[in-house]
Structures are given as C-alpha cells and as structure tokens.
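Residues 18 to 507 (my numbering) make up the sequence shown, in order.
Report on one structure; see the data block that follows.
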Amino acid sequence: MESAHARPFRLGDDWRRASDDEALVSIDPADGSVAGVVTRASVADVEAAVDIASAAFRRRAWRDLRPDQRAGLLHEVSRRLGAEHDSLARLQMRDSGKPLKECANMVASASYFFRYYASLCETWQDEVTSPRGPYFSMSVAEPYGVVAAITPWNSPIMAEAQKVAPALAAGNAVILKPSEETPQLALELERICREAGLPAGLLSVLPGTGEEVGAALVDHPGVRMVSFTGGTETGRAIAIAAGRRLIPVGLELGGKSPHIVFEDADFEKAVAGVASGIYGSAGQSCVAGTRLFVQRSIYQRFVEALVAFTRTVRVGAPDDPATQMGPLISRAHRDKVAGYVALARQEGGRILAGGGIPEAPALAAGWYFEPTVIEGLPNHARTCQEEIFGPVLVCLPFDDEDDVIAQANDTVYGLAAGMWTGDYARAWRVARALEAGSVWINTYKQSHIATAFGGFKASGIGREKGFHGLRLYSQVKSVFFGMHDAPMSL
Ligand code: NDP
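Spelled out as structure tokens, the structure:
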C-alpha cells in the first residue's frame, strides 16, 4: 500500500502516521509519477493541532521572547532554508511541476522572507502618543493567538513562508494547511523550523483537503485569524465563515490582470514583457497578465509579433535548463484550461497560436499545454472575464487612454495591471486610474519583499509583505499609564 511509506506529520512532539486509507499522493505533473506520499490530516487532527497551538501560545514562551531573540530563530530558519536550497528546489519541482529555476527562486524567496521578518522583529517600533494630560499612552502590537494559514499549489514554500514568517515574527502560533496537490514543501518548512529551535506546537502543518481540513480550521473557535491565498470563490466562503465568528481574514485571491501596450511603447521590450507576463509559470500565476490591450494603431503588428514570439516559447521538462514553460499542475486543471479554449471558440474567438496539447512524444506523460493567443472576443466574453490560470492570452484593441482604463477596470478582479509606454506622465495617470493592487510600468511581475502586495475588488482583502505583512498578523492594544499627582476626580 502507498500509505506504508506515507510521510508522517507532527502534532506537537508526536507523529501522525497514515493508516491504509489516509494517504495523500502528490503526483509529479511532468510525467504522472508519484512525487511523494504523505499522511492525510483529518478533522480530528485539526482539533488536536488547535489544542496544541493554543497551549503553546498560552505558555507565552514565544510571544514573550524578546524580539531580538525571536529574530535569532527566524534568521536560523532562513539560514537552513538557504543551506538546503538545492534539495528543496528539486522536491518543489517534482511536487509542483514548475521549472527548476523557478523553484530555486521560490526557495530563495522563502529564505529571504524569514530573514526579512527577523529584521523587522529587531526594528519594529510601537507608537508612543504625545500626552494631552497627566498620562502617558502607547499602542503596542499583540499577536492574535492561533493563526490558520491556507495556501494554494502554484507557489509552494514561497506562499507558505510569506505567511508563516510574519505570523511567527508577530508572536502567533500557526497552523498551515498547504494545497493537497503540493503538500511536501510545507512539511519540509515545518521540519526546518523545528530543527532551527522553534518550540513544539508553534507551527503545525496539516496536509489535507480544503473541504475537510481547511473548512474545519476556519470554523474552529480556537483559531483567531485566517490568512488565505487561493481562488476567489474559496476566499468568499472563508470570509463568510470567518465573518460568522467575527475573526479577521487576510485574503490573496484570483485575478484577470490587464496588460496594456500604448503605441509609444518600446515595441520589442513590450512583446517580451507581455509574453513573460502570461507564459511564466505556464500562466498559473495570480498576477498573470491575461488580458492584453494594444492601442489600435499598432494592434495588428504587435499581435503578429507576439504570435511569432509565442511560437518560440520552449515547453519542456521542468529539469531541462532550456525550458521556459513547464506542465500544468494536474490533468483536471489542464482539462479546465482546454475547456476555456473550447469556450473561446464557441464565443467566436480566433486561436492565433497554440490552443492544444503539445505533440512532442517526450511530453506525452505530463500535463503540458501550448502557449495560446486568442483574439476576436469582446471584453465581456467569459474567456476575457474568468480566471483561466493557464498560458492563455486574449488580445483586445483599444483607442485611447479613457477607453483602455474603462476596459481594463471592467472586471470583478483587481489584483495587478501592467503597461508599456514611453510617456511617464501618462503612465502615472493611467496607473492611478487602474483598479489594481499592483501596477507595473515598463516591467511586469516585479516584486519586492518590502513592497505591499494584495488585491482590489474581488482579488482580496489586506496586504502581505513589508510592514503590512507584520501588521496583518498583529492586533493593536493601547495602554495608558496615569501620571496624576492628585487623586482622580469624578
Ligand atoms: P483554491 O481556492 O482551490 O485552494 C486554495 C487553498 O484553499 C487550498 O489549500 C485548498 O485546499 C483550500 N480550500 C479549498 N476549499 C476550502 C474551504 N472551503 N475552506 C478552507 N480551505 C479551502 O485555489 P487553488 O489551490 O486552485 O489555487 C489557484 C488560485 O489561487 C487561483 O485563483 C489564483 O489566482 C489564486 N492565487 C492567488 C494569489 C494571490 O496572492 N492573490 C497567489 C497565488 C494563487 P485543497 O486544494 O488542498 O483541497
């Protein structure tokens, strides 16, 4: 039985090992082989993990540790992530199917998150208010207690570190539920945190399904805050459940980001930028630039150049250094992406490039899909409005600034947007008018550990990264010290 070899997970100082029907199998999207088998968590494990995390939090050993001491431990986690970089990147590649170089970047980012939040632990300052009478007041950051962190499959270890590092830095206990598709790196992160000296119970990882384990976590009365990254519909369900309990949520959700090319753009850079914005991570990126808007005067020429570029994109095995686009996460997800291409045809779209499964025999066993360019659809078509989460780009012409701002904002989403232009005054005007949490000008998908990240509209609530990340996992307490010389009067 697969479960005979299932990797256990830790609950406090004990191990939970799978019984025969409790294994979760991670499939390598590159060839359909088994990438790993882990013990599948249950609702009973949620109960146990919350009890253990609550007890660890109540012991106050972590939250009362001096910030510089907490920082020391987070630095050690960062160092260990760096030391195990290559093996973690390879495991990540098998778990998620992402090209090795992307996995290497994600492991490096995870290490930087711990280093960055260690630094914030050292430099964070509470607020002292100028007195308005015989008292002294200050506002201090307090942890919530037990934080539930729920992550998707598209950027494992990085997405997890983006939550776990600031939540721990703020003094919380964390229960992490990674995606059932990619459970292995979260377990590695937990191991490394323990080996670095994190006391038992402050980080538990529950590899299980969202419906069972994720929902039970969000509903558990011992969980005081939920941080979720994933699809908008799941985020909505989590927000409703958290709303019933009146606990805060941080939501990083889906997108359908506009990528705009003005006629004065640097043409070659814009073509490469648009291609990298959609085909990076095989389009399985929340910020993928999925709706291309090109000014009508250069539309034809630009789309032709983009199609030519698309035909050069090397789809291949994740461990081949020449690969630019790896497989999709699963057969079911590839079916979904292919379904959207079929829908685009029904809606009247023309497939200018790709649109199917690559024919190369070497790729036959994996869940690969061709980079795809579609045109001829109005902005309100479903293909132009719904998140496909694959390498599928729709192209639309626009006339002027007002037209493109209206079309770009005509979506329920608001995660990101990009534009290519030589006119920086226009770039500023348009950037301010776009409804998006991140706007890129003459670049795309640039990120910075200290720059806030999050969505407008149905793309999310709250911001991660930077100071915002630490604030997300802290609540403010105001403390007053009386300095009265005389007794207080009624
Ligand atoms: P899902 O929303 O399907 O799942 C995300 C996580 O939530 C998984 O761990 C999942 O568990 C869990 N989950 C599912 N249902 C529930 C529930 N009822 N209660 C609690 N947890 C639940 O997203 P995907 O994993 O398919 O990831 C892709 C989506 O993530 C895209 O929409 C993408 O845009 C978004 N995303 C957003 C980012 C951002 O920063 N804004 C970054 C990356 C991705 P399981 O799947 O294991 O059953």
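A virtual CB, placed ideally from N, CA and C, is assigned to each residue, including glycine.
Owing to the predicted nature of the structure, the values given are computational and were not obtained by experimental measurement.
So, is residue i buried or exposed, given that buried needs 16 or more other C-beta atoms within 10 angstroms?
{"i": "residue 220", "result": "buried"}
{"i": "residue 288", "result": "buried"}
{"i": "residue 168", "result": "buried"}
{"i": "residue 465", "result": "exposed"}
{"i": "residue 445", "result": "exposed"}
{"i": "residue 411", "result": "buried"}
{"i": "residue 257", "result": "exposed"}
{"i": "residue 142", "result": "exposed"}
{"i": "residue 329", "result": "exposed"}
{"i": "residue 251", "result": "buried"}
{"i": "residue 74", "result": "buried"}
{"i": "residue 36", "result": "exposed"}
{"i": "residue 162", "result": "buried"}
{"i": "residue 481", "result": "buried"}
{"i": "residue 67", "result": "buried"}
Could you check which residue in the options has the C-alpha nearest to that of residue i?
{"i": "residue 381", "options": "43, 49, 141", "result": "49"}
{"i": "residue 431", "options": "192, 259, 304", "result": "304"}
{"i": "residue 358", "options": "159, 343, 339, 394", "result": "394"}
{"i": "residue 492", "options": "189, 132, 63", "result": "189"}
{"i": "residue 385", "options": "398, 422, 333", "result": "333"}
{"i": "residue 373", "options": "364, 390, 339", "result": "390"}
{"i": "residue 86", "options": "139, 34, 61, 132", "result": "139"}
{"i": "residue 367", "options": "409, 480, 256", "result": "409"}
{"i": "residue 277", "options": "212, 253, 421", "result": "421"}
{"i": "residue 500", "options": "241, 150, 54, 75", "result": "150"}
{"i": "residue 429", "options": "293, 249, 269, 284", "result": "249"}
{"i": "residue 310", "options": "338, 437, 197", "result": "437"}
{"i": "residue 7", "options": "243, 474, 66, 210", "result": "Nothing about residue 7 can be reported from this structure: the residues present for the chain run from 18 to 507 only."}
{"i": "residue 331", "options": "43, 294, 387, 486", "result": "387"}
{"i": "residue 275", "options": "294, 286, 263", "result": "294"}
{"i": "residue 97", "options": "71, 125, 79, 117", "result": "125"}
{"i": "residue 262", "options": "247, 235, 365", "result": "235"}
{"i": "residue 106", "options": "121, 115, 136, 165", "result": "121"}
{"i": "residue 116", "options": "336, 314, 253", "result": "336"}
{"i": "residue 511", "options": "93, 60, 28, 185", "result": "Past the edges of the chain, shown from 18 to 507, lies residue 511, and the structure says nothing about it."}
{"i": "residue 62", "options": "187, 155, 233", "result": "233"}
Using the C-alpha atoms, what's the distance from residue j back to residue i?
{"i": "residue 134", "j": "residue 95", "result": "10 Å"}
{"i": "residue 316", "j": "residue 414", "result": "6 Å"}
{"i": "residue 306", "j": "residue 435", "result": "7 Å"}
{"i": "residue 448", "j": "residue 456", "result": "6 Å"}
{"i": "residue 110", "j": "residue 146", "result": "50 Å"}
{"i": "residue 451", "j": "residue 472", "result": "12 Å"}
{"i": "residue 478", "j": "residue 266", "result": "8 Å"}
{"i": "residue 8", "j": "residue 362", "result": "No answer is possible for residue 8: it lies beyond the span of the chain, which begins at 18 and ends at 507."}
{"i": "residue 152", "j": "residue 504", "result": "13 Å"}
{"i": "residue 502", "j": "residue 64", "result": "51 Å"}
{"i": "residue 19", "j": "residue 494", "result": "Because the pLDDT at residue 19 is just 46, under 50, the model does not fix this residue reliably, and the point stays unresolved."}
{"i": "residue 322", "j": "residue 214", "result": "54 Å"}
{"i": "residue 17", "j": "residue 129", "result": "The requested residue 17 is not part of the displayed model; the chain covers only 18 to 507."}
{"i": "residue 31", "j": "residue 173", "result": "25 Å"}
{"i": "residue 297", "j": "residue 342", "result": "7 Å"}
{"i": "residue 40", "j": "residue 46", "result": "18 Å"}
{"i": "residue 22", "j": "residue 55", "result": "8 Å"}
{"i": "residue 243", "j": "residue 318", "result": "47 Å"}
{"i": "residue 53", "j": "residue 25", "result": "12 Å"}
{"i": "residue 226", "j": "residue 290", "result": "36 Å"}
{"i": "residue 324", "j": "residue 286", "result": "15 Å"}
{"i": "residue 340", "j": "residue 240", "result": "42 Å"}
Ends of the alpha helix (DSSP H) at residue i?
{"i": "residue 123", "result": "117-140"}
{"i": "residue 295", "result": "284-296"}
{"i": "residue 99", "result": "84-100"}
{"i": "residue 421", "result": "418-426"}
Could you spell out where the beta strand (DSSP E) holding residue i opens and where it closes?
{"i": "residue 436", "result": "433-437"}
{"i": "residue 194", "result": "190-194"}
{"i": "residue 148", "result": "Looking at the DSSP string, residue 148 is not in any beta strand (DSSP E), and its letter there is neither H nor E."}
{"i": "residue 166", "result": "163-167"}
{"i": "residue 277", "result": "274-278"}
{"i": "residue 77", "result": "First-last for residue 77: undefined, no H or E at that position."}
{"i": "residue 308", "result": "306-312"}
{"i": "residue 268", "result": "266-269"}
{"i": "residue 458", "result": "455-458"}
{"i": "residue 429", "result": "Element bounds for residue 429: n/a, residue is neither H nor E."}
{"i": "residue 52", "result": "51-56"}
{"i": "residue 303", "result": "Per DSSP, residue 303 belongs to no beta strand (DSSP E) and is neither H nor E."}
> Whole beta strand (DSSP E) runs in the stretch 316-398 with 3 or more residues, listed along the chain?
Replying inline: 367-370, 389-392
>> Just to confirm the assignment: which complete beta strand (DSSP E) runs, minimum length 3, are found wholly within the stretch 19-44?
In response: 26-28, 31-33, 40-44
> Which residue spans inside the stretch 225-253 form an unbroken beta strand (DSSP E) run of at least 3?
Replying inline: 242-246
> Residue ranges of each alpha helix (DSSP H) run of no fewer than 4 residues wholly in the stretch 463-502, ordered along the chain?
Replying inline: 483-489
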